[in-house]
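Residue numbers (my numbering), protein chains in the order written: chain A, 1 to 319; chain B, 1001 to 1319; chain C, 2001 to 2319; chain D, 3001 to 3319; chain E, 4001 to 4319; chain F, 5001 to 5319.
Glycine is no exception: its CB is placed at the ideal position from the N, C-alpha and C atoms.
Structure record follows, encoded as structure tokens.
Number of protein chains: 6
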Amino acid sequence: MKGIGTEMKGIGTYKTGERVDLFMLIKQATKGITTTGSPFMTLILQDKTGDIEAKLWDAKEEHEKMFQPASIVRVGGDVHDYRGRNQLRIKSIRPAKPDEPIQISDLVPSAEKSKEELYEELSPYIFEITNPNIQRITRYLLKQHREAFLVYPAATKNHHDYVSGLLDHVVSMLRLGKAIAELYPSLNKDLLYAGIILHDVGKVVELSGPVGTVYTPAGNLLGHITIMVNEIAMAAKELGIEGEEVVLLQHMVLSHHGKEEWGSPKRPMLKEAEILHYIDNIDAKMNMLNRALSKAEPGEFTERLFPLDNRQFYKPTFE
Amino acid sequence: MKGIGTEMKGIGTYKTGERVDLFMLIKQATKGITTTGSPFMTLILQDKTGDIEAKLWDAKEEHEKMFQPASIVRVGGDVHDYRGRNQLRIKSIRPAKPDEPIQISDLVPSAEKSKEELYEELSPYIFEITNPNIQRITRYLLKQHREAFLVYPAATKNHHDYVSGLLDHVVSMLRLGKAIAELYPSLNKDLLYAGIILHDVGKVVELSGPVGTVYTPAGNLLGHITIMVNEIAMAAKELGIEGEEVVLLQHMVLSHHGKEEWGSPKRPMLKEAEILHYIDNIDAKMNMLNRALSKAEPGEFTERLFPLDNRQFYKPTFE
Amino acid sequence: MKGIGTEMKGIGTYKTGERVDLFMLIKQATKGITTTGSPFMTLILQDKTGDIEAKLWDAKEEHEKMFQPASIVRVGGDVHDYRGRNQLRIKSIRPAKPDEPIQISDLVPSAEKSKEELYEELSPYIFEITNPNIQRITRYLLKQHREAFLVYPAATKNHHDYVSGLLDHVVSMLRLGKAIAELYPSLNKDLLYAGIILHDVGKVVELSGPVGTVYTPAGNLLGHITIMVNEIAMAAKELGIEGEEVVLLQHMVLSHHGKEEWGSPKRPMLKEAEILHYIDNIDAKMNMLNRALSKAEPGEFTERLFPLDNRQFYKPTFE
Amino acid sequence: MKGIGTEMKGIGTYKTGERVDLFMLIKQATKGITTTGSPFMTLILQDKTGDIEAKLWDAKEEHEKMFQPASIVRVGGDVHDYRGRNQLRIKSIRPAKPDEPIQISDLVPSAEKSKEELYEELSPYIFEITNPNIQRITRYLLKQHREAFLVYPAATKNHHDYVSGLLDHVVSMLRLGKAIAELYPSLNKDLLYAGIILHDVGKVVELSGPVGTVYTPAGNLLGHITIMVNEIAMAAKELGIEGEEVVLLQHMVLSHHGKEEWGSPKRPMLKEAEILHYIDNIDAKMNMLNRALSKAEPGEFTERLFPLDNRQFYKPTFE
Amino acid sequence: MKGIGTEMKGIGTYKTGERVDLFMLIKQATKGITTTGSPFMTLILQDKTGDIEAKLWDAKEEHEKMFQPASIVRVGGDVHDYRGRNQLRIKSIRPAKPDEPIQISDLVPSAEKSKEELYEELSPYIFEITNPNIQRITRYLLKQHREAFLVYPAATKNHHDYVSGLLDHVVSMLRLGKAIAELYPSLNKDLLYAGIILHDVGKVVELSGPVGTVYTPAGNLLGHITIMVNEIAMAAKELGIEGEEVVLLQHMVLSHHGKEEWGSPKRPMLKEAEILHYIDNIDAKMNMLNRALSKAEPGEFTERLFPLDNRQFYKPTFE
Amino acid sequence: MKGIGTEMKGIGTYKTGERVDLFMLIKQATKGITTTGSPFMTLILQDKTGDIEAKLWDAKEEHEKMFQPASIVRVGGDVHDYRGRNQLRIKSIRPAKPDEPIQISDLVPSAEKSKEELYEELSPYIFEITNPNIQRITRYLLKQHREAFLVYPAATKNHHDYVSGLLDHVVSMLRLGKAIAELYPSLNKDLLYAGIILHDVGKVVELSGPVGTVYTPAGNLLGHITIMVNEIAMAAKELGIEGEEVVLLQHMVLSHHGKEEWGSPKRPMLKEAEILHYIDNIDAKMNMLNRALSKAEPGEFTERLFPLDNRQFYKPTFE
């Protein structure tokens, strides 16, 4: 993820006591009332380098409408420590003006490579798929969802939760899939590559978009797995393809969470489906662990990581 | 289920010591070898009234081909007791001749009502669905799978596992659904009736057929729930229907097993889906319990019922 | 539950910015201290239409005694929004005077029908019980606990948690039980009706009363199931009744939570006990879902419902 | 348990190849048919020293009636090894004659001490109970069930599954309870001793009797815990005792299995109830482990012990 | 634990409204900021009799360095009630001076007996171990860790979480172990006593020290069980001891948590290991229950006890 | 695994009806008795290509001693089908003579590459470990256990359960570890390679040997994980190495089963430990799946695979 460890001076790099004057994106906005009855606002502000909780103590009625999520603001204030985390006391805040040279894409983290570069790396994998039915279905569905597929995150939080995070995740999985397929040549590369590419494409329906991402009603009611299994069926019908490849490709997507409790109504029953499940896990966990460990000091543990069974990970003192 | 408790003289009504001479259907056939090395065959033979394990001790090479599952035979022999269950020692056995007035449908248990009667009872429910999108999708899919839907069982064993068992189960559920919808008028009848009708239609793809039923590969790899959710998507596309009804109908089917561990990747999130799950359970359990209790004596427990958490049920001594 | 959706102007119908002047019941009262050290009180106030959190910022020593739970007050103040929920800033508050025409029963939600109407609907079911032993035990126990049974809630929260909620729940279950018994005539109505009527009567010992309901020590240490199973034993002894009916009736109550983990030391082993468990569930869930969905907008999800595995339910945009 | 390790020449001490001529009790009898169609009987025969599976190959029709469970027979035959366990090939067998000096009590294992000795050891504990309500209830119930309590086993298998096993278990638990109460003087001895004495008395209703023990219908439908909790309630009523002691004593019995999944609808909520659960466990496990280890050789593991999570235990080579 | 129930006038004995002037130890210190932006500190202060949350409202920059955990302060202020618990409003606070006659050991709770008395009670148990290999390993390891073993707590919270808590726990377990071994003479006392003594010695590496106890990195990464199993292996090597005793002693320690989920990679497979697990549990639970019940009033329940499955325990009204 | 799919004519390649005359190794031998009382033996016979159940119907007393597990025999007989699996009816059988050119290593399956080739592939990985402490410990332990490490299986069944299976598994994991470390350069190769090499070395103590492998008592009581963690501690002491590397290396081994329930008392808390767990799983599962799928026909499912949650895997009809 770009931003982590880069040199740019952003909100993620300020320390307690420093003064801030930055364009930032409002990620979340909540109205509050102090115990003595005066109104205030809590904003989560972000740029590419991180986010911070900010308090606007002297909130007016009009502020609520002015400072909505997904809008850009120019903010001045002081960073101080609140219960071990940085907090920003806002001194000045105003909406960005239309002619100011700043846009949302400047303020949200994104994959390290551009979406064009990533897609260029993905393309050859499609053409390595030799089974024509599998290749055609894969191409058809990628084409159909291309625009969203290039910019969506892979999740609302935890891993690859940034612009183009989905594509970033898929390309990383393809690299790993290729390495594994070379070591275990009995694996069918066609199924494995198509499975990797398609496994999460349903997220472009399940989630609302690349920024301020939430679940859609259809996402909640069906889930990205069911959505994508449906799309494979419809693609096959559209392309006039029948036969085992369709069912097996559906099974790859259907089973990739590995267990019923994790949302796959069928456990993997293909060698390639079993491996897809592992590749997905390894790549997601490496992403989470790298991020969490980048914030920890050598000789210390990370904070508890909820999606990793609430474990804390240790950062060794040697390299 | 027809046959239970009826007066017809069939294999289910013979007692130890009686001599049998009947047409029966071979449900299962296995070759064995005695501990002293001589070959024999174990056949499961059935007619409408039940089934029995039968031993053909003097099996010849040609017998294996002659006595295949799903073929009809004329069998003579003696019933004796083997570990508390009836067993048939075969004295004579031959394939039924083409001109003999017996067919498979005479030998397999089936719903008490004919499939035509059942379907006639089902039809009005479709026309009570007032939402046109829901009604059209339901009719389209019923029409498409009508032939199989009329004769398939609802399962390979446990409940409604007989010819037209699926239809029998659905009609019984509709009756119960209607009663519940009258008591809880906030329930949306359109969703409920359509959900009941469609929830298990995917079984006509998941299972192999009405007799000697096993799982198909697609059934194993995808399951009837996913299969039917796909079909709803394709029906909607075919009919040019868009909108919430499609997703909600898919959700009804998707969630009807109630929990991830039971094969529903989403738990019910519609009031009607929650109720559908209960109706399905009540009807299946009443079917299993009635069958098991019909074999138990008053004052005794049934055998352990695996799909009911291995419980035994008590049959009271009073009525 | 009366009050939901009715036209009466009560606390549940006020919006942010409105001024309130109402009699209300104190449901809960807690003393606090602001971060700057001044004392205040947090009250939960209710009337038939709902409840609201209220802050009394200038609390005096004497207020604590004056404003105790289960007492009636006259309150004036302003409604404002606090973290997405309504809150009342109290401007004036005083205990209700003895001669003011207001009593607790005017301020707590209750079943839609009166307890008399409900009991009248219940009575005929008792007389439909044809087995004299079962009928006599049922009548004896109802008579013994009649007074409390007419006014107790079915639970402290979640479902039927209002005055006469227990009776309301039981009558609703009887209606459903009757419908099911008609569809599945093999069910023994005597056991089913008696089981429905008695299953939760132990709550009149387990819980403290109809208002401000909490668990009693005996309720915590034994639970309503054990309490009622005991009472059946004692009733039978008192009435000189012996025989299977006593044990079966005890088993109906004992097993109605369905599983050990849910507090039934024996799972259902009678067909009627299995069905009682389902009827209890359906009626409780319909009550919870109707209430939660009445607060949600079409096209949105309810809040998370803890007793329904923390699920959110969707309210369709069409009817 | 008497018999284990004693010098008496009984069936438990014979080795492969030896000839047997003994009175034994038929514990179980099953009719079979060989793969070649000839009838035989499998008997489980026992005396105080153990049991053995026996085959009567030339079974006649009349044998089935002659050799019923719980009858005594005189048997001659040869011991041989069958799949690692001893088996008896019966050469001669006949029912014991009325005038032969042998009775069932001579053939079933029993506690090492006589029931009189055990009861004499138990009595003083009752009189150490100083709370009159607790003492009276305990005495009343022991008196009521004295006859059965003196001879019943504590279980049908696994631990203390022999004549007077229940009393043996209770006395052993009292010794342990006394030692613990001395080390932790805050424990209330009245509750602890009464809880130990009464905790399993419900078994005299749950189980069928001291020999050939099976579950009764009431035992299956209610369980010994519920049965005993009922009896405490009725005893208290009979004796005119009211008050907390009754509920606490019921809770002691109710919670002694420790968890809902293990049949206690309430977990222990009294310090003494928690300790009762441990004492019950320790004594039952010591009984099972001593028995299993007495059959194992030093340096080897016991067979898998199902009630101990299927573990195998190691017998050290040193003492 | 000394302090509970003693007469000494300490922080645990003050009531709301009283004025305090005491030496206390800072157990925890957190910086905060009020909703209006002014800094304050929250301190947890303790002496032998208990602890209290204290607020220092007018915190200065230098206070943070001055008032660090594990330092002693002289504090004046008022006790008031905050959400049902006592809180101290600090009026005056200063670090203790080097020449003031107060030290940490005066302010932390500790075992009722001195560590010397406890150790004197422990010693004879070592000499009752007759197996020379087991005795030598036990003595070697005790000697090696003696200093820490005498002062460490048995845990950071929940039970025996005070200075010398570990030794207190072990001695109490030895008393119980002796009583059990006398009742069940088949138990090997050598294994049992050595297992009790060594089972938690690994805590002197797992935890940071007797005061302000936290987990060390090695403690987190390996755990006290693995640490001690290693030490036994190394001790045996050092002492030139080989043979079964070493493995069995390791197994005693390895399995004492009883189950894999609780941190024992092997379940007990020795009778003595099974009993060790129970003794550890009984003693830890008695410690927790005595402490919790000492704070509850007769006729009431304790607060929820997290390490006892979140149960509440009842304190009877009679003794 | 050598043998699967090779051309050699061995027992794994015979079909029903064929006559066999081969040297084979007795893997297992059990004595039986037919239902008519005559003794027989059941042998499991193996060579490099598979194994078969064989019946010796006319067993004599002396046969039991002659035909012991792990001895070589010359066997003649006929292959026939028994319940869907091949069985051998023995016509002639005799122990191999000392001068016959056949040895155990000719008859047991083994890794495809020789142990020398495998070890040569392993060596460079050790020298890629740049941290001297980690490298020295790894080399020390490999050297100490080299002989056994070269020939032991990785398990008694399921995966890599053949001569040199452990080494084969480790080398395959190293290849995969290298590929992953290249894709995720933040991984510490020293920890990862050392963890892979050492993770299962404890099996050389846990298991009895390369042929006829069973668990040793120490293996049962401690397990290979604990054994190896001990050895790392002792190696470090021997080599005079202190510091974090020792603890981290122990943690790698300790946590490699991933969860407490699977025998790791600590879950992975190092990024490299998490990845080690995945690499171990992928390699073990590929081994099991390749073996199971090699026996299945295209278009069919494998048999149920117990260590893969009892799943069946599908073998596609296309490549």
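Express the C-alpha separation of residue j and residue i in angstroms, rounding to a whole number.
i              : j              : result
residue 97/A   : residue 54/A   : 21 Å
residue 5048/F : residue 1296/B : 53 Å
residue 1247/B : residue 221/A  : 7 Å
residue 2086/C : residue 1289/B : 51 Å
residue 317/A  : residue 5194/F : 18 Å
residue 5040/F : residue 5030/F : 9 Å
residue 1342/B : residue 270/A  : The structure shown does not extend to residue 1342/B, since chain B is modelled only from 1001 through 1319, so no value can be given for it.
residue 4210/E : residue 4201/E : 13 Å
residue 2114/C : residue 4309/E : 42 Å
residue 2279/C : residue 2176/C : 7 Å
residue 5219/F : residue 3293/D : 20 Å
residue 3228/D : residue 1277/B : 38 Å
residue 3286/D : residue 4186/E : 9 Å
residue 4320/E : residue 4233/E : With chain E running from 4001 to 4319 in the structure shown, residue 4320/E is simply not present.
residue 4214/E : residue 4156/E : 7 Å
Are the CB atoms of residue i and residue j nearer to each other than 9 Å?
i              : j              : result
residue 3121/D : residue 3171/D : yes
residue 2014/C : residue 2108/C : no
residue 1072/B : residue 1103/B : yes
residue 2972/D : residue 3010/D : Because chain D spans 3001 through 3319 in this model, residue 2972/D falls outside it and cannot be assessed.
Answer with yes or no whether the minimum CB distance from residue i to chain G is below 9 Å.
i              : result
residue 5204/F : As a matter of chain content, chain G is missing from the structure shown, whose protein chains are A, B, C, D, E and F.
Taking all protein chains shown into account, do 16 or more other C-beta atoms lie within 10 angstroms of the C-beta of residue i, making it buried, or fewer, making it exposed?
i              : result
residue 1001/B : Interpretation of residue 1001/B is limited by its pLDDT of 45, a score under 50 that renders its predicted location unreliable; the figure taken from the coordinates is listed afterwards. That one is buried.
residue 3012/D : buried
residue 1105/B : exposed
residue 77/A   : buried
Measuring alpha carbon to alpha carbon, tell me which residue in the options is nearest residue i.
i              : options                        : result
residue 27/A   : 21/A, 162/A, 289/A             : 162/A
residue 2305/C : 2259/C, 2064/C, 2158/C         : 2158/C
residue 3325/D : 3276/D, 3292/D, 3232/D, 3245/D : Nothing in the structure corresponds to residue 3325/D, since chain D is present only between 3001 and 3319.
residue 2074/C : 2091/C, 2277/C, 2156/C         : 2091/C
For this session: Tell me, please, whether the region 149-163 of chain A touches the region 5253-5262 of chain F by the rule of three or more beta-carbon pairs shorter than 8 Å.
Result: no
For this session: May I ask you to verify whether the region 227-246 of chain A touches the region 256-265 of chain A, counting CB pairs closer than 8 Å and requiring at least 3?
Result: Touching, no.
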